[in-house]
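Just so you know, the sequences run in chain order F and U. Just so you know, we're using numbering that gives the first Met the number 0 here: the first sequence kicks off at 0 and counts up by one. Just so you know, we're using numbering that gives the first Met the number 0 here: the second sequence kicks off at 0 and counts up by one.
2 protein chains.
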Amino acid sequence: MFNEQQTKLARYTKALGHPVRIYVLQTLAKQTCCYSGDLSEVLPIAKSTLSQHLKELKEAGLIQGEIEAPRIKYCINKASWAEAQDLLKAFFED
Amino acid sequence: MFNEQQTKLARYTKALGHPVRIYVLQTLAKQTCCYSGDLSEVLPIAKSTLSQHLKELKEAGLIQGEIEAPRIKYCINKASWAEAQDLLKAFFED
DNA sequence: ATGACTGTTCGTAAATTTACGAACAAAAGT
DNA sequence: ACTTTTGTTCGTAAATTTACGAACAGTCAT
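1. Name the chain U residues that come within less than 9 Å of F:Lys13, Cβ to Cβ?
2. Scan the segment 19-37 of chain F for residues whose Cβ lies nearer than 9 Å to a Cβ of chain U and list them as they occur along the chain.
3. For U:Glu65, name the three-state secondary structure that DSSP assigns.
4. Which first and last residues belong to the beta strand (DSSP E) in which F:Ile75 is found?
5. Residues bridged to F:Tyr34 by DSSP?
6. Report all residues from its chain with a CB closer than 7 Å to the CB of F:Asn59; omit the five preceding and five following residues, and keep chain order.
7. Less than 8 Å between CB atoms is the rule here; does U:Thr6 satisfy it with respect to chain F?
8. Might you give, ordered along the chain, the residues of its own chain that have their beta carbon closer than 8 Å to the beta carbon of U:Arg20, omitting 5 neighbours on each side?
9. Specify, as a first and last residue, the run of the alpha helix (DSSP H) that F:Ala28 falls within.
10. I need the straight-line Cα distance from F:Val23 to U:Cys32, nearest angstrom please.
11. Tell whether a beta-carbon distance below 8 Å holds between U:Ser39 and U:Leu49.
12. Considering just the uninterrupted stretch of the alpha helix (DSSP H) at U:Leu42, what are its terminal residues?
13. Measuring CB to CB, does U:Ile75 end up less than 8 Å from U:Ile66?
14. Using a Cβ-Cβ cutoff of less than 7 Å, which residues in the same chain neighbour F:Ser79 once the five nearest sequence positions on both sides are dropped?
15. List, in order along the chain, the chain U residues whose C-beta lies closer than 8 Å to that of F:Ala9?
16. So with CB distances below 7 Å, who are the chain F contacts of U:Gln84?
17. Expressed to the nearest angstrom, what Euclidean distance is found between the alpha-carbon atoms of U:Lys72 and F:Lys46?
18. At 9 Å on the CB atoms, spell out the chain U contacts of F:Pro43, in chain order.
19. Which of helix, strand or coil does DSSP assign to U:Ala14?
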């Protein structure tokens, strides 16, 4: 029923659909990358909850985590980020 | 904790986060407007489910319904549509 | 007034989301 | 070895989302 673009767009926007995840993505997009702990210090939620949000963003493909023991450095996944941007651009340009 | 823009962006993207709602918005953005029945004929979901999705889009401000008895004509809410577009543009332009 | 048509609302159920603290795991430093 | 640091996973609970059919509520035509 739905084409690839519609499905992808829904997946990306769903991942964006929470203030915490918007904040995380803005932070990662501005500065290159950051650690989970950096976010945890600022955000008014439990570490475990943040971890869940990061997992969702990871599963949507928007971010990726690199191990930098004992921490994990999270960065934007530039390819997916660009794809989401393109899909949204096309979406609004109808 | 979150500013107005982040909250709004999350609200808009959350409303976009479902294939049915993406489809509806694309349809409304392409053609000027359409009736619930037109969508219902095409979409593989119950009328009542469609009605719920339309309600969500309405509550997010993205669409509006005009009574054209006995039907309801749904259209994009251009102001909110433009706002969502601007917020997303700014979001990706960081 | 009685049907036919359109779309919403209600009641319900299953799945998902959001959130927390506690427990756990991996790696580094002591 | 043991402790500290970092972050995930587990267990759980409450709220929300998605979906359906049935019932309802307007409006128009007969």
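Every residue gets a Cβ at the ideal spot worked out from N, C-alpha and C, and that includes glycine.
Reading from the atomic positions:
1. Thr12, Lys13, Leu15, Gly16, His17
2. Val19, Arg20, Ile21, Tyr22, Leu24, Gln25, Ala28, Lys29
3. strand
4. 70-75
5. F:Lys72
6. Just to set this straight, residue 59 of chain F is Ala in the shown sequence, not Asn. Excluding sequence neighbours, F:Ala59 sits near Arg10, Tyr11, Ala14.
7. yes
8. Ala14, His52, Glu55, Leu56
9. 18-29
10. 36 Å
11. yes
12. Here U:Leu42 belongs to no alpha helix (DSSP H), and DSSP marks it neither H nor E.
13. no
14. Gly60, Leu61
15. Leu15, Gly16, His17, Pro18, Arg20, Ile21
16. Phe91
17. 46 Å
18. Met0
19. helix
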